[in-house]
């Protein structure tokens, strides 16, 4: 497998392909604020720090914090991995039992481009994937912004949601992570070859995108099919739909519920329903990936086919070809999936290829 396919966009069917534009000419053009739905308790052996960093990855910030506190990076916690070429805010935690952090910790971090915004103690380490949403503020510049259909695109996405594709940064430059995943799964996955499970996640993400792309192309990614497993908006609660009815279809139209797609695992078994036949067909199209995932023992999971923009806003810039869009997405959703509907070929070359890998 070489490169990545170009998966179908939702709006192309009605508005055509969007025009080119740029969205990351500087780190300040791409701002992300990780949102938790709780606060540290104020006591405990873990020091939690809410930081703002510029032009560096989460793992780089983790290593710097560990070095300055003279601890192993293993005792530093984070919830999600954020893009490198960006200005991002997130929480980190560091275990400091029975001792204080260095007096000049904030000053030392500031010299490294990391600003401490808040800090408090908590009894437990910050775990991966516990944040609720990410708030994005993105500056777009170029031809697409000046087109007469730009506002129509934005309004449709705000109203109807976005195909919940995994972003290209999940697969590495030119799909190299996917190529590595296929090679590993072909010879048999072993944890020592993929300790963080990055390649397993990459393979599952690709299969999900393949399924979602098929449903976008057929126009049923927002609607319910026989046998669909449905996810409630704002939660991960799931239920199966044997036969869609008018009430369920109305709820789907209002973005109250979403059809889901399979994150492939060893325990998946399909019945003869329409939705599950589509999922089972992935094994015929990608036998190496599906067989390797089954052999690895990873459990199957579900991901919504659609993601809705929370609190979306658009502001015109000082120039005609400049606009700032802002919105919140649940953890694990990619801003690049939104941008691909608004502009052609968003520049992800400088994006951290591990971003979001633990938020499946």
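Residue numbers (full-length UniProt numbering): 1 to 360.
All residues carry an ideal CB built from backbone N, CA and C; glycine is no exception.
Measure from the alpha carbon of residue i to the alpha carbon of each residue in the options, then state which is nearest.
i: residue 308; options: 16, 253 and 187; result: 253
i: residue 283; options: 204, 258 and 169; result: 204
i: residue 51; options: 108, 298 and 12; result: 108
i: residue 168; options: 111, 156, 201 and 159; result: 201
i: residue 5; options: 186, 158 and 174; result: 174
i: residue 44; options: 65, 106 and 123; result: 123
i: residue 170; options: 286, 340, 345 and 336; result: 336
i: residue 12; options: 266, 157 and 269; result: 157
i: residue 191; options: 296, 220, 112 and 264; result: 296
i: residue 35; options: 20, 329 and 334; result: 329
i: residue 66; options: 84, 46 and 80; result: 46
i: residue 57; options: 113, 273 and 263; result: 113
i: residue 74; options: 86, 84 and 61; result: 61
i: residue 289; options: 276, 275 and 266; result: 266
i: residue 394; options: 100, 207, 93 and 275; result: The first residue shown for the chain is 1 and the last is 360, placing residue 394 beyond what the model contains.
i: residue 298; options: 264, 256 and 312; result: 264
i: residue 166; options: 256, 255 and 303; result: 303
i: residue 301; options: 327, 262, 255 and 164; result: 262
Which partner residues does residue i have in the DSSP bridge list?
i: residue 302; result: 262
i: residue 77; result: 93
i: residue 329; result: 134
i: residue 257; result: 232
i: residue 324; result: 139 and 315
i: residue 239; result: 230
i: residue 309; result: DSSP lists no partner for residue 309.
i: residue 87; result: 31 and 54
Residue i and residue j: beta carbons closer than 9 Å?
i: residue 41; j: residue 121; result: yes
i: residue 135; j: residue 33; result: yes
i: residue 88; j: residue 310; result: no
i: residue 278; j: residue 214; result: yes
i: residue 95; j: residue 82; result: no
i: residue 152; j: residue 15; result: yes
i: residue 27; j: residue 343; result: no
i: residue 49; j: residue 116; result: yes
i: residue 150; j: residue 323; result: yes
i: residue 305; j: residue 260; result: yes
i: residue 239; j: residue 229; result: yes
i: residue 210; j: residue 148; result: no
i: residue 185; j: residue 314; result: no
Taking only three categories from DSSP, how would you classify residue i?
i: residue 22; result: strand
i: residue 82; result: coil
i: residue 120; result: strand
i: residue 225; result: coil
i: residue 17; result: coil
i: residue 57; result: coil
i: residue 193; result: helix
i: residue 71; result: coil
i: residue 151; result: helix
i: residue 104; result: coil
i: residue 33; result: strand
i: residue 319; result: coil
i: residue 8; result: coil
i: residue 200; result: helix
i: residue 47; result: strand
i: residue 168; result: helix
Suppose you measure from the CA of residue i to the CA of residue j; what does that come to, to the nearest Å?
i: residue 249; j: residue 223; result: 7 Å
i: residue 446; j: residue 102; result: Only positions 1 to 360 of the chain appear in the structure, and residue 446 is not among them; the question remains open.
i: residue 232; j: residue 78; result: 26 Å
i: residue 237; j: residue 243; result: 19 Å
i: residue 353; j: residue 172; result: Confidence in residue 353 is poor, its pLDDT being 35 and thus under 50, which makes the residue's placement unreliable; the coordinate value appears in the next sentence. C-alpha separation (whole angstroms): 5 Å.
i: residue 183; j: residue 196; result: 17 Å
i: residue 106; j: residue 130; result: 24 Å
i: residue 99; j: residue 76; result: 15 Å
i: residue 193; j: residue 3; result: 22 Å
Under 8 Å: does the beta carbon of residue i sit that close to some heavy atom of the ligand MG?
i: residue 124; result: The ligand MG is not part of the structure shown, which contains no ligands of any sort.
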